[in-house]
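Undergrad: Here the protein sequences come in this chain order: Z and B.
In terms of the working numbering, the first sequence has 271 at position 242, counting the first letter as 1, and numbering is strictly consecutive.
In terms of the working numbering, the second sequence has 96 at position 75, counting the first letter as 1, and numbering is strictly consecutive.
Glycine is no exception: its CB is placed at the ideal position from the N, C-alpha and C atoms.
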Amino acid sequence: MTSETGFDVDKYDRFPTTEPRPEGELEQLEQAWCGPRSPWEWITATNNNIIGVYYVGAAMLFFVLAGVLALLMRTQLALPMTGFLPQDTYNQIFTMHGTVMMFLFAVPAVEALGVLLLPQMLGARDLPFPRLGAYAFWAYLIGGLAFFCSLFFGLAPDGGWFMYPPLTSMTYSPGINADFWLLGIGFIEISAIAGAIEIIVGVLKTRAPSMTLDKLPVFAWAMLIFASMIIIAFPSIILATLLLELERALGWPFFDPLKGGDPMLWQHLFWFFGHPEVYIIFLPAAGAMSTIIPAMARTPLVGHPLVVMAMLATGFISFGVWAHHMFTTGMPQISINYFSAASMAVSVPAGVQVFAWIATIAAGRMRFSTPGLFAVGGMVIFVMGGLTGVMVAMVPFDWQAHDSYFIVAHLHYVLIGGMVFPLFAAIYYWLPMSSARPLSERWGKWIFWLMFAGHNLAFMPMHLTGLMGMPRRVYTYLPGRGWDLPNFISTIGAFMFGLAVLLWVIDMIRNFRPFGPREAGNIHDGPGLEWLPSGFYSVRSIPVVKSLYPLWDQKWLAGDVAAGRYFLPGAARGERQTLVTSPLNAEPQYVLRIPRPSGWHLFGAVFTAGFFLILTIQAYAAAVISGVLAIYCIMRWCWFLDAPHARKTTEIGAGIRVPNYVSGPSSHGWWAMVIVLIVGGMVCLLAGFSYVFLWSRRPDLWEAPPPISSLLVSVGLLAVAGVCALAAPRAVRMARDGAVSAATGLLVLASAGVIAASIVEGRAWWTTGLRPEVSSQGASVYALLSWAGTFAAIGGLMGLYVLLRRLFGRLASERPSTVDLISLFLAFTAAQSIGVMLLVRLFPGSGI
Amino acid sequence: MTGGLLIWAVHFIGVYLISSAADVWSSSEAASARWIGLAFSMGCLLADIAMAVWLSRGRREVFGPEAWERRVGLTGVLVAAIGVLWQTAPMAF
Ligand code: HEM
């Protein structure tokens, strides 16, 4: 195997080490990673073992809340013409049920599973940005609870989980209900993106040495693809919610056909996010299935490379099928045909995975304890949902079934089989890892059968009611249409499902002992690193991984790891540390110092949530104050990053030393910044698509841009800013006095340049007389400029931040990371602004 | 490793863009649009074949991470080729 970083892989043969470990090493490790000791420390905790449990708990709370809403709906629909729920309330309830299930339960639940399990699975001490993970969790919890509470004030959104305009425009939804959805969901997606960054960098950079891609656990593969998909797909919903909110609050007509807008733009943006969302939910669950089934069948996964390829293929193709939700909107026939073909092609990778699971079950000796039952039950339900999926991928059939209960049945089969059952399998399988007692096996079997039967009773009849013509989203129906009996059966099934969930909650309360002195242990004989003996510090020492199933194939691994015979067996200088490795071959690169908990990420989350929520009720001054406080807290949190190290290197075991600090593309911070910029770039790209799309709808409304002279000024400023930004990392590395000041000066100059260019360009457009509320051109031009302007403003804050660090002596030539990252951001901002300006000036015609 | 799948992604986004652009200027059903789409698809298919040849050349280890990555890459190319062919069908009929 060729080395990726120059690390001599023969050094792995020195492990496990044989000499005795120094006295007090374990105690020092425990001391460094000690758990919280006061209520405040429990709240500000950042350790993934704690945040992961909170996260999973919060997601399950939202599952239960949305489930209660489902039961209310089913009670209303049990018989024809019942008056249990008024029409308005029903509209709010189905919207909240769908929204909470999709945005507050399904995505966060799998993300939570990743935060909880990944470090242990990868042999890391923690994820690389624990405070970012904790920030994402608190933002999600506070934002989610506030969003849910809107229901109690009659302010909940009521336009369905995909919020199509014109129904959600100011004309037809005049209250603030829709704003709750737009701002609430936009915000929660930001927190999902924060989690995704953590997961991508975690999987690529904090794996146990020698855990090459072929030895990467399938669940980690799934989480990597899941998080990458979030990075590509979620910008679309962030942009869509921004545009609709701009239309509602300020009258910018993106979706209003009278002024050149088009509601189809919403559908494109929503489904470019919404369809991958289904796979975003499904992939980690499939990864869990591909982990649980081999463990329960006691045999390796059949076709492991094929399964990984299938997951990758699912990730790619899921972006090519968004318009299959729009077959009935009058798109060109040939486009419909492409999307129909792509939709059918999706079943190929999904089929590969299902066949691999079946083959694994056949090849091994499957144990049908509760996790095994949930895994197999989920597979059966998912395959049934997949079959109706192929049916609705056929356009003529979809024209008939669209917006009927057939679709409600299909989506629940896919989501419950593809995500809820695997999630329960995962909870039953991995719970002994975080609890001193596993859940009851007897109760588990009852719960499974109740859920399985309840699901089929609830949703199977919905295929029939749909084919008999019952539309979705109706709060009642007339008797005598043949819909009464299937609806009644559906309601009975839904309550059986509800009973199963209730029993599970009771069993959790009876048995769950989180953060206890010991864990229940590897009761399933699982083969992954997560089953190594562990504490808050994860593993005692980080092993060399030689197999995809290390605990099955490396006989003495658990004992050697617990005895500290592998990498990083202690906590040098009492610091929390983990090993950073290279992305492909996982070769040791450097030791990452993990920050200790502090309150800033928590305050940051509270004020960020406050900003968005207060904006909803249109108290603008208070929202701005909350926003400023959020920025202050986030800057304080960053202030202590990039601090000096007492030593340059650390001995990580067997005489191997690695640096304590690296910068540039090898560092985890660089990767995170690049991912953030990809998110920003995606929003900008989609905004550019929206601009061209709106032009293609009404080219006659497009006016000439401002004269080219101002463009030359702004592009010139941006070019200078870009050059300054790119020169800063070189300047800071110069081995002479004044290097740090030179780099600071260049960055400040760059940030001033991007701000000045934004002002010049904004003024140029303003003087043409084009206003954002007048036409779709105005709206889309100012939206694009505002996006570029927001980046410029953040660049300005960064300029200020770097200046302050210089003044307080927190910048140094030997620690260039801060300069590198800010330079990356500013160079990107300059390039993005140039792209935006050239687009709006030169397309469709130049203003020369 | 993901080369084949990337070609697939380029193909489905490309054919969608070609038909949308054709719809703005004349009609997505126009023969010229279909020919451009067909030519583009053939290009993608050729790129797929080239990728397969490139992945299969050179040393032939059976074990180890590089062999594994190549195996994943080759099956990805195969699935992508099926996808490209399948999505080209609407253009031909
Ligand atoms: C036993 C559990 C569940 C029951 C009884 C249930 C029931 C329902 C019903 C009756 C509707 C249709 C409302 C209407 O069109 O009038 C609905 C819609 C929906 N459900 Fe569920 N559901 C359950 C679980 C789930 C889960 C686990 C998810 C997602 C992970 C989910 C996601 C949705 C979505 C997205 C909609 C569409 C909402 C809309 O039309 O805007 N449901 N559910």
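With a cut-off of 8 Å, does the C-beta of G97(B) fall near any C-beta of chain Z?
TA: The count along the second sequence starts at 1 and reaches residue 97(B) at position 76. Chain Z contact via Cβ: present.
Undergrad: Answer yes or no: does any C-beta atom of chain B fall closer than 8 Å to that of F348(Z)?
TA: For this step, residue 348(Z) is matched to residue 319 along the first sequence. So, interface residue.
Undergrad: At a threshold of 7 Å, does H553(Z) count as lining the ligand HEM (C-beta to nearest heavy atom)?
TA: As a first step, residue 553(Z) must be located in the first sequence, where it is residue number 524. Outside the cutoff, so no.
Undergrad: Which value, in whole angstroms, describes the spacing of the CA atoms of L196(Z) and V721(Z)?
TA: Start at 1 with the first residue of the first sequence, and residue 196(Z) comes out as number 167. Start at 1 with the first residue of the first sequence, and residue 721(Z) comes out as number 692. Distance between the alpha carbons of L196(Z) and V721(Z) is about 24 Å.
Undergrad: Identify each residue in the region 269-299 of chain Z for which the Cβ-Cβ distance to at least one residue of chain B is less than 8 Å, and report them in chain order.
TA: Listed in sequence order: no entries.
Undergrad: Only counting the same chain, and skipping five residues up and downstream in sequence, which positions put a Cβ closer than 7 Å to that of G473(Z)?
TA: Position 444 of the first sequence, counted from the start, is the residue given in the question as residue 473(Z). If we look at G473(Z) and ignore the five residues flanking it on each side, its Cβ neighbours are T399, Y457.
Undergrad: I want to verify the contact list: residues of chain B whose CB lies under 9 Å from the CB of N614(Z), in sequence order.
TA: Position 585 of the first sequence, counted from the start, is the residue given in the question as residue 614(Z). Within chain B, the residues near N614(Z) are P86.
Undergrad: Go ahead and label G874(Z) buried or exposed: buried means 16 or more other beta carbons lie within 10 angstroms of its beta carbon, across all protein chains shown.
TA: Position 845 of the first sequence holds residue 874(Z). With fewer than 16 other Cβ atoms within 10 Å, it is exposed.
Undergrad: Between which two residues does the beta strand (DSSP E) containing R160(Z) stretch?
TA: Within the first sequence, the letter at position 131 stands for residue 160(Z). Premise fails: R160(Z) lies in the alpha helix (DSSP H), 159-178, not in any beta strand (DSSP E).
Undergrad: With 8 Å set as the bound, which would you pick, yes or no: does the beta-carbon of A371(Z) sit closer than that to a beta-carbon of chain B?
TA: Taking the first sequence and counting its residues from 1, the one referred to as residue 371(Z) is at position 342. It does: the Cβ of A371(Z) has a partner Cβ on chain B nearer than 8 Å.
Undergrad: Quick test of your reading: P543(Z) and S464(Z), contact by CB under 8 Å. State the CB separation rounded to the nearest angstrom.
TA: The residue you call residue 543(Z) lines up with position 514 of the first sequence. The residue you call residue 464(Z) lines up with position 435 of the first sequence. That pair is a contact at about 6 Å.
Undergrad: In chain B, which residues lie with their C-beta within 7 Å of the C-beta of M448(Z)?
TA: Here the question's residue 448(Z) lines up with position 419 in the first sequence. Chain B residues near M448(Z): none, gap ~23 Å exceeds 7 Å.
Undergrad: Enumerate in chain order the residues of its own chain whose CB-to-CB distance from G876(Z) is below 7 Å, with the five nearest sequence positions on each side excluded.
TA: As a working note, residue 876(Z) is residue 847 in the first sequence. Summary for G876(Z): the model assigns pLDDT 47, below 50, so the residue's position carries little reliability; its value from the coordinates is reported in the next sentence. Correct list, in chain order: A733, P734, P735, P736, I737, R870.
Undergrad: How about S62(B): is its C-beta nearer than 8 Å to some C-beta of chain Z?
TA: The residue you call residue 62(B) lines up with position 41 of the second sequence. With 8 Å as the cut-off, S62(B) does not count as an interface residue toward chain Z.
Undergrad: Taking its Cβ as the centre, do 16 or more other Cβ atoms sit within 10 Å of E218(Z), making it buried, or is it exposed?
TA: For this step, residue 218(Z) is matched to residue 189 along the first sequence. Flag for E218(Z) reads buried.
Undergrad: Just the C-alpha distance for F302(Z) and A591(Z), rounded to the nearest angstrom, thanks.
TA: Mapped onto the first sequence, residue 302(Z) falls at position 273. Mapped onto the first sequence, residue 591(Z) falls at position 562. Cα to Cα, the separation comes out at about 44 Å.
Undergrad: So the candidates are M22(B), F61(B), T23(B), S77(B); which of them puts its Cα closest to the Cα of V36(B)?
TA: For the purposes of this step, residue 36(B) is identified with residue 15 of the second sequence, where counting begins at 1. Residue F61(B) is the option with its Cα nearest to V36(B).
Undergrad: Less than 8 Å between the C-beta atoms of Y434(Z) and M489(Z), yes or no?
TA: As a working mapping, residue 434(Z) is identified with position 405 in the first sequence. As a working mapping, residue 489(Z) is identified with position 460 in the first sequence. No; because the gap between Cβ atoms is not below 8 Å, this pair is not in contact.
Undergrad: Could you confirm whether any beta carbon from chain B is found closer than 8 Å to the beta carbon of Y367(Z)?
TA: By one-based count along the first sequence, residue 367(Z) stands at place 338. By this cut-off, Y367(Z) is an interface position.
Undergrad: Compute the Euclidean distance between the alpha carbons of W731(Z) and L279(Z), then round it to the nearest angstrom.
TA: Within the first sequence, numbered from 1, the residue matching residue 731(Z) stands at position 702. Within the first sequence, numbered from 1, the residue matching residue 279(Z) stands at position 250. Cα to Cα, the separation comes out at about 20 Å.
Undergrad: Between S852(Z), W795(Z), I863(Z), T773(Z), which has its C-alpha nearest L832(Z)'s C-alpha?
TA: Residue 832(Z) sits at position 803 when you count from the first residue of the first sequence. Measuring from the Cα of L832(Z), the nearest candidate turns out to be T773(Z).
Undergrad: Counting along the chain, where does the alpha helix (DSSP H) carrying G24(B) start and finish?
TA: Taking the first residue of the second sequence as 1, we reach residue 24(B) at position 3. Start and end: 24-46.
Undergrad: As an exercise, report each continuous alpha helix (DSSP H) stretch of at least 4 residues that is fully enclosed by the region 312-352 of chain Z, in chain order.
TA: Listed in chain order, the complete alpha helix (DSSP H) runs (minimum 4 residues) inside the region 312-352 of chain Z are 333-346.
Undergrad: Among the residues of its own chain, which have a CB less than 7 Å from the CB of D432(Z), if the five just before and after it don't count?
TA: For the purposes of this step, residue 432(Z) is identified with residue 403 of the first sequence, where counting begins at 1. Answer for D432(Z): P500, R501, listed in chain order.
Undergrad: Quick one: complete alpha helix (DSSP H) runs, 4+ long, within the region 744-814 of chain Z?
TA: Listed in chain order, the complete alpha helix (DSSP H) runs (minimum 4 residues) inside the region 744-814 of chain Z are 768-796.
Undergrad: Quick check on G35(B) - is its C-beta less than 8 Å from some C-beta in chain Z?
TA: Within the second sequence, numbered from 1, the residue matching residue 35(B) stands at position 14. Closer than 8 Å: no.
Undergrad: Going by the DSSP bridge assignment, what does T607(Z) pair with across the sheet?
TA: By one-based count along the first sequence, residue 607(Z) stands at place 578. In DSSP, T607(Z) forms a bridge with L621(Z).
Undergrad: Do Y566(Z) and Y619(Z) have their CB atoms nearer than 8 Å?
TA: Locating residue 566(Z) in the first sequence gives position 537, counting from the first residue. Locating residue 619(Z) in the first sequence gives position 590, counting from the first residue. Not in contact: Y566(Z) and Y619(Z) (Cβ atoms no closer than 8 Å).
Undergrad: At a threshold of 7 Å, does G97(B) count as lining the ligand HEM (C-beta to nearest heavy atom)?
TA: Working through the second sequence from its first residue, we reach residue 97(B) at position 76. Not so, every heavy atom of the ligand HEM lies at least 7 Å from the Cβ.
Undergrad: Could you work out which residues of chain B lie near V144(Z), taking near to mean beta carbons separated by less than 8 Å?
TA: Here residue 144(Z) refers to the residue found at position 115 when the first sequence is read from its first residue. Chain B residues near V144(Z): none, gap ~25 Å exceeds 8 Å.
Undergrad: Below 8 Å on C-beta distance, what does P334(Z) contact in chain B?
TA: On the first sequence, residue 334(Z) is found 305 positions in, with the first residue counted as 1. Within chain B, the residues near P334(Z) are W89, R92, V93, T96.
Undergrad: Within 8 Å of any Cβ in chain B, is that where the Cβ of F632(Z) sits?
TA: Residue 632(Z) sits at position 603 when you count from the first residue of the first sequence. Not one chain B Cβ lies under 8 Å of F632(Z).
Undergrad: Could you check what DSSP says for I70(B) in three-state terms: helix, strand or coil?
TA: Along the second sequence, one-based indexing puts residue 70(B) at 49. Looking at I70(B) - three-state DSSP - the assignment turns out to be helix.
Undergrad: Does the beta-carbon of E276(Z) have 16 or more other beta-carbons within 10 angstroms, so that it is buried, or is it exposed?
TA: Taking the first sequence and counting its residues from 1, one reaches residue 276(Z) at position 247. Classification of E276(Z): buried, given that the 10 Å Cβ count is 16 or more.
Undergrad: Shorter than 7 Å, the distance from the beta carbon of L507(Z) to the closest heavy atom of the ligand HEM, or not?
TA: Here residue 507(Z) corresponds to residue number 478 of the first sequence, with the count starting at 1. It does not: the Cβ of L507(Z) is nowhere closer than 7 Å to a heavy atom of the ligand HEM.
Undergrad: Just the Cα atoms here: how many angstroms apart are V635(Z) and W167(Z)?
TA: Sequence index remark: in the first sequence, residue 635(Z) carries index 606 (1-based). Sequence index remark: in the first sequence, residue 167(Z) carries index 138 (1-based). Taking the straight line from one Cα to the other gives about 7 Å.
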